[in-house]
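Its first residue numbered 1, the sequence shown is counted upward by one per residue in UniProt numbering. Glycine included, each C-beta is placed from N, C-alpha and C at the ideal position. Since this is a predicted model, take the numbers as computed values, not measurements.
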Amino acid sequence: MAGAVLAAATPAFAADATASPPTTSAVADCDPGAPCDHPLPVKVVIVSLFEIGKDEGDVAGEFQLWKARRGLTQRIPFPQSFHDLYYNPETQVLGMVTGIGTARSTAATMALGLDPRFDLSQAYWLVAGIAGIDPEDASIGSVAWARYVVDGDLAHEIDAREIPADWKTGYFARHTKGPNDKTTKPDPSGGEMFQVNPSLEKWAYELTKNIELPDSPAIAAERAKFVDYPHAQEAPFVLEGDTLSAMTFWHGEKLTDWANDWVRYWSGGQGEFVTSAMEDTGVMQAMTYLDAVGRADRDRVLVVRAGSNFTMPPPGVDAATYLLRENEGYAGLEAAVENLYTVGSKVVDELLGNWDRYKDATP
Numbered sequence: 001m002a003g004a005v006l007a008a009a010t011p012a013f014a015a016d017a018t019a020s021p022p023t024t025s026a027v028a029d030c031d032p033g034a035p036c037d038h039p040l041p042v043k044v045v046i047v048s049l050f051e052i053g054k055d056e057g058d059v060a061g062e063f064q065l066w067k068a069r070r071g072l073t074q075r076i077p078f079p080q081s082f083h084d085l086y087y088n089p090e091t092q093v094l095g096m097v098t099g100i101g102t103a104r105s106t107a108a109t110m111a112l113g114l115d116p117r118f119d120l121s122q123a124y125w126l127v128a129g130i131a132g133i134d135p136e137d138a139s140i141g142s143v144a145w146a147r148y149v150v151d152g153d154l155a156h157e158i159d160a161r162e163i164p165a166d167w168k169t170g171y172f173a174r175h176t177k178g179p180n181d182k183t184t185k186p187d188p189s190g191g192e193m194f195q196v197n198p199s200l201e202k203w204a205y206e207l208t209k210n211i212e213l214p215d216s217p218a219i220a221a222e223r224a225k226f227v228d229y230p231h232a233q234e235a236p237f238v239l240e241g242d243t244l245s246a247m248t249f250w251h252g253e254k255l256t257d258w259a260n261d262w263v264r265y266w267s268g269g270q271g272e273f274v275t276s277a278m279e280d281t282g283v284m285q286a287m288t289y290l291d292a293v294g295r296a297d298r299d300r301v302l303v304v305r306a307g308s309n310f311t312m313p314p315p316g317v318d319a320a321t322y323l324l325r326e327n328e329g330y331a332g333l334e335a336a337v338e339n340l341y342t343v344g345s346k347v348v349d350e351l352l353g354n355w356d357r358y359k360d361a362t363p
């Protein structure tokens, strides 16, 4: 969405460049969601999806490292959503936790975008979360920038015990005649697929692709089980790869095959399934609506996911056993949240350090 449209749509939304930036104490005078004459300027929104326990001081989920290392110390009540917001008035970075699933991520993003306490007219949004990762493409701890965000819930389904003999799955795209239908062209207007701004995504990838991510004996031992999967056996690295959002935590070789087919179909053959998640299509749908009314810029959204676990078991292990073991603790959780922060911070630092270059035009 062009900056000119943003300005025209909401002339009172942008902060006065000649005035001192509002403080969080001033914003405290404004009720959540109510009119506010002095909105806080925001340069970057860090969109975390969940936290394990507390926001600091225990096992880190997606939000803790951002809160601690980015000085997000100013708590801002956000009762219309899942989790209060945290802000750094010096850097103008805002952190949010949406809650798990597309329902909560959609609602949280819309709630923030429509809250008059914040000036989001020039904000960049970094959706940064852990994910399952396809061993065909990468190892746990690896970090993938998404070009396409695909929804895995909007579909038709027939129980696998009742499908025709020539169907390999009972799950197929709406408006098609079954999973073997290769002629019906995808129509993602229903929210099945969103493309991240290509130039922005490529800029973020090029900026971070050579970052050397740390390895550890724990994740090395886990990936060593994936014989015949060369990329799964590599040390963590940065790549481009697309994400599939679904409310169901699915697992296994057959569903990984489905995910690859699903992303390939909805992206018109341009995408490559790499990570499985739950929230990204919700964020992108909300951003699309917010963009339409000039409350945010959809072209300033980046989606990055780090592999905390594989989407399928290693050879010789059945899917149920591996999934239940993973539910006791993801093998790559610590590496994923650390590497997610390392890679995402490179982009945040570049945006903040050269704000005069990026505030009016995306890379």
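Look at the alpha carbon of residue i and the alpha carbon of residue j, and state the distance between them as a whole number of angstroms.
i: P11; j: D119; result: Caution applies to P11, whose pLDDT of 30 falls short of 50 and renders its modelled position unreliable; the model cannot decide the point.
i: D261; j: P77; result: 42 Å
i: T184; j: G190; result: 15 Å
i: G129; j: R357; result: 27 Å
i: P363; j: W203; result: 7 Å
i: G99; j: G282; result: 11 Å
i: A17; j: P116; result: With a pLDDT of 40 at A17, under the threshold of 50, the modelled position of that residue is not reliable, and no figure is offered here.
i: Q270; j: V263; result: 9 Å
i: H251; j: S139; result: 16 Å
i: K54; j: D137; result: 33 Å
i: L323; j: D29; result: 48 Å
i: I211; j: A331; result: 22 Å
i: T311; j: K209; result: 23 Å
i: N309; j: G268; result: 27 Å
i: P230; j: D31; result: 54 Å
i: D134; j: T275; result: 6 Å
i: residue 407; j: L333; result: The structure shown does not extend to residue 407, since the chain spans only 1 to 363, so no value can be given for it.
i: A246; j: V127; result: 16 Å
i: A218; j: Q233; result: 13 Å
Does the separation of the CB atoms of residue i and residue j fall below 8 Å?
i: Q74; j: A111; result: no
i: E338; j: L207; result: no
i: T243; j: V149; result: yes
i: V304; j: V97; result: no
i: E240; j: R147; result: yes
i: W258; j: T169; result: yes
i: Y319; j: E222; result: Just to set this straight, residue 319 is Ala in the shown sequence, not Tyr. No; because the gap between Cβ atoms is not below 8 Å, this pair is not in contact.
Note the first and the last residue of the continuous beta strand (DSSP E) segment covering residue i.
i: S276; result: 273-277
i: L324; result: Taken as a continuous stretch (DSSP letters only), L324 belongs to no beta strand (DSSP E), being part of the alpha helix (DSSP H) at 319-326.
i: S308; result: 301-310
i: T243; result: 242-245
i: A165; result: Note, A165: premise wrong, no beta strand (DSSP E); not H, not E.
i: R75; result: 74-76
i: A128; result: 124-133
Which residue marks the beginning of the alpha helix (DSSP H) containing residue i, and which one marks its end?
i: T208; result: 198-208
i: I219; result: 217-223
i: N354; result: Per DSSP, N354 belongs to no alpha helix (DSSP H) and is neither H nor E.
i: G113; result: 102-113
i: D261; result: 253-266
i: D291; result: 280-292
i: W66; result: 64-69
Kindly list the residues whose CB is nearer than 6 Å to the CB of residue i, restricted to its own chain and excluding five residues on each side of it in sequence; keep chain order.
i: G71; result: N88
i: V301; result: W125, M287
i: A60; result: V337
i: W145; result: E201, A204, Y205, E240, V304
i: Q195; result: Y148
Taking 7 Å as the cut-off, is the beta-carbon of residue i closer than that to any non-hydrogen atom of the ligand FAD?
i: V93; result: Questions concerning the ligand FAD fall outside what the structure shown contains, since it holds no ligand whatsoever.
Looking at the C-beta of residue i, does it have a partner C-beta in chain D at a distance below 8 Å?
i: S142; result: Among the protein chains of the structure shown there is no chain D, as only one such chain exists.
Please return the same chain residues whose Cβ sits closer than 8 Å to the Cβ of residue i, not counting the five positions on each side in sequence.
i: T106; result: G282, V283, Q285, A286
i: E56; result: Q64, K67, A68
Going by beta carbon distance, what residues of the same chain come within less than 7 Å of residue i, once the five residues before and after it are set aside?
i: D166; result: N180
i: L154; result: R174, G190, G191, E192
i: T176; result: T184
i: E157; result: G170, Y171
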